[in-house]
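Trainee:
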Amino acid sequence: MSEARPPPPELERLPTAWLVRVGAVALGLLAAASVSAWGLWILWRPASERPLPMPPGTVQVGMVDQAPFTLDRRADALKARQRERLEGYGWVDVDAGVIHQPIDAAMRQLLSGSEGGAR
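In structure tokens, the structure reads:
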């Protein structure tokens, strides 16, 4: 008796064209879903979250609505008021007769030895 031989194996071919079509359809569906989701997000978000257009000439730094530090003069005004108080004369307590005076004047008065009102 002669032995029967099995047929030779067939070479497997991948369906390349079909795989490329399925991949292209999947990418197209993903792109369409992304654009649809973005559009719905823009359309349905509350009015409080919608950014208002900035009027022309408005200064805005990053996400914080503030003026640049070079244009803000509040610190300079505060410093001038404090300097004026430090370098001037005034009452601390009128009833007790306590005054404030510039530190230079106080040091001169202390060094000169005059006791005229110094405590």
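When the count follows our numbering, it moves up by one through the sequence shown with no breaks and lands on 149 for the last residue.
Every residue, glycine too, gets a C-beta built ideally from N, C-alpha and C.
All figures in this text were calculated on a predicted structure; none of them were measured in a lab.
#1: Three or more beta-carbon pairs under 8 angstroms between the stretch 97 to 106 and the stretch 116 to 127, yes or no?
#2: At which residues does the alpha helix (DSSP H) containing Asp106 begin and terminate?
#3: One question on the structure: do His130 and Val124 come within less than 8 angstroms of each other, judged by their Cβ atoms?
#4: First and last residue of the beta strand (DSSP E) that includes Asp123?
#5: Would you report the Cα separation of Leu140 and Ala126, rounded to the nearest angstrom?
Mentor: A quick look at the data gives this:
#1: no
#2: 104 to 116
#3: no
#4: 120 to 123
#5: 21 angstroms
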